[in-house]
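Student: Those sequence lines, one after another, are chains V and E.
In this text, residue positions in the first sequence follow numbering that gives the first Met the number 0: the first is 0, and each later residue adds one.
In this text, residue positions in the second sequence follow numbering that gives the first Met the number 0: the first is 0, and each later residue adds one.
Built from N, CA and C at the ideal position, the CB exists for glycine as well.
Structure in C-alpha cells, see below.
2 protein chains.
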Amino acid sequence: MLQLESQSLVQTMPQSTKTAIMIIGGAEDKVHGREILQTFFNRAGALEATIAIIPSASREPAVIGDRYRTIFTEMGAKVVKVLDIRDRSQSEDPLMQEYIEECTGVFLTGGDQLRLCGLLAETPLMERIRKRAHLGEITLAGTSAGAAVMGHHMIAGGGSGESPNRSLVDMAVGLGIFPDVIVDQHFHNRNRMARLISAISGHPDKLGMGIDEDTCALIEGDGVLQVMGKGTVSIVDPGEVSYTNQPSVGATEPISIFNLRVHILSYGDRYHLQQRVILPPNV
Amino acid sequence: MLQLESQSLVQTMPQSTKTAIMIIGGAEDKVHGREILQTFFNRAGALEATIAIIPSASREPAVIGDRYRTIFTEMGAKVVKVLDIRDRSQSEDPLMQEYIEECTGVFLTGGDQLRLCGLLAETPLMERIRKRAHLGEITLAGTSAGAAVMGHHMIAGGGSGESPNRSLVDMAVGLGIFPDVIVDQHFHNRNRMARLISAISGHPDKLGMGIDEDTCALIEGDGVLQVMGKGTVSIVDPGEVSYTNQPSVGATEPISIFNLRVHILSYGDRYHLQQRVILPPNV
Chain V
0 MLQLESQSLV
10 QTMPQSTKTA
20 IMIIGGAEDK
30 VHGREILQTF
40 FNRAGALEAT
50 IAIIPSASRE
60 PAVIGDRYRT
70 IFTEMGAKVV
80 KVLDIRDRSQ
90 SEDPLMQEYI
100 EECTGVFLTG
110 GDQLRLCGLL
120 AETPLMERIR
130 KRAHLGEITL
140 AGTSAGAAVM
150 GHHMIAGGGS
160 GESPNRSLVD
170 MAVGLGIFPD
180 VIVDQHFHNR
190 NRMARLISAI
200 SGHPDKLGMG
210 IDEDTCALIE
220 GDGVLQVMGK
230 GTVSIVDPGE
240 VSYTNQPSVG
250 ATEPISIFNL
260 RVHILSYGDR
270 YHLQQRVILP
280 PNV
Chain E
0 MLQLESQSLV
10 QTMPQSTKTA
20 IMIIGGAEDK
30 VHGREILQTF
40 FNRAGALEAT
50 IAIIPSASRE
60 PAVIGDRYRT
70 IFTEMGAKVV
80 KVLDIRDRSQ
90 SEDPLMQEYI
100 EECTGVFLTG
110 GDQLRLCGLL
120 AETPLMERIR
130 KRAHLGEITL
140 AGTSAGAAVM
150 GHHMIAGGGS
160 GESPNRSLVD
170 MAVGLGIFPD
180 VIVDQHFHNR
190 NRMARLISAI
200 SGHPDKLGMG
210 IDEDTCALIE
220 GDGVLQVMGK
230 GTVSIVDPGE
240 VSYTNQPSVG
250 ATEPISIFNL
260 RVHILSYGDR
270 YHLQQRVILP
280 PNV
C-alpha cells in the first residue's frame, strides 16, 4: 500500500529534470522532506548542478545565503556559490557575470522585495538571469520576497483585515520575469486575498497569483503551472471583469469589482498561464 | 456642492419604505449616522413601526436588547419590545405570538449563532417570522450572529490564516431565511474569505455571501440585493465550478476548486440573488 501511494505520487509529480521557474510562497520546508528545494535541485541539474544563491533581499544575506548553500551542498550539487550583492555596481563584476553564464540554477531568497529590486532591477546580471530562465537554460526559483518580484507590477507591502481598497496594498515595480502576473506570497497564511484583489482591481489586465507557504507554482517552458507542496495557489483572473469602480491609488473607499474568476489549486493541479485555463490532471 | 452630494446619495439609495430582509455584517454604526439602523427603522414603518428585538444570540440579552430598544425608541418607533427568549418553550407564549403578528419589524442581534438557532430554530414563533418576512409583511434584520443564521447551512465558527480546507470551518444548520445562501459576517475584517470558500467547497449548490462590518446586504421581495454601508459584500458563486476535490468534513488537506465566480460589491451595487447576476446601477 505504501508502495502504491509512493508510485502514484511519482506519477502525478515526476521528478523531471526539465528546467522551470519556481515561485515559492515562503517558509518552504528546509528540514524534512524538503520537496520543493529538492525539486529545485533536481531541475537545476542535480549532481551536475551549478547553483547561484542570491540573498540580496535579506538584511542578513550572509546567514541566509549560507543556509541555502548548506542545503544544496548536502543534496550533492557540483558547485554552489552565494552571490552576496549589496551594491548595484557588483552586478558588473566579471566574475559574477561569468558564474551566471555557467550556472544551471539561480535561487532568490526571502527578505524585502523592495531591497531585492533596488539592487537587481535592470542590471545586466539580472537581464542575463531572466533571459537564460526564459530560454530554459537555467532553473530560476524565488521564495517569499524572491517570489514577489516575479511580476512587473509588484506588491511591496500592505495590510489585511479590511474591505478590499486601494490603500490596502502598496505597489512597486518588480523584476518582470512574468510581466503579466501579480504575485502575492504567504498568501492564505497571512490572509492576503483582500490585498491581492485590491492590487488586481488597479491592474485588471494582469493575473493575480497568491501562493501559500511551503507551496510552489512550478512553471515549465510551455507555460504550464503545476502546484507542489502543502498549501494552495490561488488564481484571481480578472479577464471577464465587467465593471470596477477604479478608485485612485491609495484611496480608502471600498472596491467594486464584478466577475472575477477564482481558482484554488492544490497539489498536482495544473493551469495554463497564458491561456488562463485549468488543465486536466497530469496522469 | 454638499447639497449635490447628498442629493446623489438620496438618488442612489432612496429612503424606501418597502419591507426588506437586511443581512448586516456586524458592528453597524449605532452612534453617528446610523444609516443601516435608520434604514431598518424606515422600512419597518418609521413612526408607525412596531419593532421586536430578539437578543437571544447574546449571553447578555438584557443589555444588548436594551441598547437597540433605546436606539429605535429615539428614532421614534411607535412600539419597541425586546423578546428576551432564553428557553425554547417561551416561543409558545401567546403574548409573544400575538406581538409577532402585530409587529412590522424584527431585529436579531449579535452573539452566538448556535445559541440563537438552539433557541429559535423550528419554533412556531420563528416560522411565523420567516413567513411574514417572505410575504413582505415585516422587515427582518439580523446583524453578526443574526446574519449568520440566514442560510440553511450556517457557518458556526472557524479560523483564518490557513489554506482553504474543510477543517477551517464548522458548519451547522441555520434558520433558513435564505436557504440557498451561506452567509459569513465581519468578513474581510476578520479575513474570512478562506473559510467561506472552504464552506462553499462542501456545498457547491449554495451561494457564498461575505458581509463586512457596518455593511448590509438589503434584499427586497423581488430578490434584488443592494449594498449599504461602509464595506463590501463579497459574493462567491460556485455555479460554474468545474471541479472540486471534495475533501471530507473536517479534513485538513487543502481544497481544490476551479472556476468560482467572485464579485466584490460596495455601496449601491445591486445583485439578483436568484438569477445570480449583477444588475445595472439603480439610477
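(1) I'd like to confirm the pairing. Which residues does DSSP put opposite K80(V) in its beta bridges?
(2) Report the residue from A171(E), E121(E) and F40(E) whose alpha carbon sits nearest the alpha carbon of G249(E).
(3) Buried or exposed for P163(V), please, with buried defined as at least 16 other CB atoms from any protein chain shown within 10 angstroms of its CB.
(4) Under 6 Å Cβ to Cβ from L224(V), same chain only, skipping five residues before and after it: list those, please.
(5) Please confirm whether S200(E) and I154(E) have their CB atoms less than 7 Å apart.
(6) Relative to the C-alpha of T18(V), which residue among H31(V), N41(V) and V30(V) is closest?
(7) Kindly indicate which three-state DSSP category G104(V) falls into: helix, strand or coil?
(8) Please say whether G117(V) and T142(V) have beta carbons closer to each other than 7 Å?
(9) What does the alpha-carbon distance come out to for the pair Q274(E) and R68(E)?
(10) Can you pull the chain E neighbours of S255(V), defined as C-beta to C-beta under 7 Å?
(11) Please check if any C-beta of chain E sits within less than 7 Å of the C-beta of M192(V).
(12) Taking buried to mean at least 16 other C-beta atoms within 10 Å of its own C-beta, is G25(V) buried or exposed?
(13) Assign S233(E) to one of two classes, buried (16 or more other C-beta atoms within 10 Å of its C-beta) or exposed (fewer than that).
(14) Note down, in chain order, all residues in the segment 139-173 of chain E with a beta-carbon under 7 Å from any beta-carbon belonging to chain V.
(15) Which same chain residues, not among the five before or five after P246(V), have their C-beta less than 6 Å away from its C-beta?
(16) Count the other C-beta atoms from every protein chain shown that fall within 10 angstroms of the C-beta of P280(V), then say buried if there are 16 or more, exposed otherwise.
(17) Along the chain, which unbroken stretches of the alpha helix (DSSP H) at least 4 residues long are found entirely within the segment 218-256 of chain V?
(18) Helix, strand or coil for I263(E) per DSSP?
(19) At 8 Å on the CB atoms, spell out the chain V contacts of R260(E), in chain order.
(20) Which one or two residues does DSSP pair with Q184(E) in a beta bridge?
(21) Tell me which residue opens and which closes the beta strand (DSSP E) that T38(E) is part of.
(22) Just mark E27(V) as buried or exposed, buried being the case when its beta carbon has 16 or more other beta carbons within 10 Å.
(23) Using the rule of at least 16 other Cβ atoms within 10 Å of the residue's Cβ for burial, across every protein chain shown, is P60(E) buried or exposed?
(24) Name the chain E residues whose beta carbon is nearer than 9 Å to that of S241(V)?
(25) Apart from the five residues on each side of it in sequence, which residues of its chain come closer than 6 Å, Cβ to Cβ, to L115(V)?
(26) Going by the DSSP bridge assignment, what does A144(E) pair with across the sheet?
(27) Which residues in the same chain as H262(V) place their Cβ atom closer than 6 Å to its Cβ, once the five residues preceding and following it in sequence are excluded?
(28) I need the DSSP call for V62(V), collapsed to helix, strand or coil.
(29) Here's a check: name, in chain order, each residue in its chain whose Cβ is nearer than 6 Å to the Cβ of H202(V), leaving out the five neighbours to either side.
(30) Classify L264(V): buried if its beta carbon has 16 or more other beta carbons within 10 angstroms, exposed otherwise.
(31) Reducing DSSP to helix, strand and coil, say where I23(V) ends up.
(32) Please report the straight-line C-alpha distance between E212(V) and S90(E), rounded to a whole angstrom.
(33) Mind checking who V172(V) pairs with in its DSSP beta bridge?
(34) State the DSSP-derived secondary structure class of L134(V), mapped to helix, strand or coil.
(35) Where do the ends of the alpha helix (DSSP H) carrying L195(V) lie?
(36) For A216(V), name the three-state secondary structure that DSSP assigns.
Tutor: The short version:
(1) A51(V)
(2) A171(E)
(3) buried
(4) A216, I218, Y270 and L272
(5) no
(6) N41(V)
(7) strand
(8) no
(9) 37 Å
(10) I263, L264, S265 and D268
(11) yes
(12) buried
(13) buried
(14) S159, G160, E161, S162 and P163
(15) R165 and E252
(16) exposed
(17) none
(18) strand
(19) N258, L259, R260 and V261
(20) I210(E)
(21) Unbroken run through T38(E) is the alpha helix (DSSP H), E34 to R42; no beta strand (DSSP E).
(22) buried
(23) buried
(24) I277
(25) S55, A56, A144 and V148
(26) Paired residue(s): none; A144(E) is not in a bridge.
(27) I234
(28) helix
(29) H152
(30) buried
(31) strand
(32) 49 Å
(33) H152(V)
(34) coil
(35) M192 to G201
(36) strand
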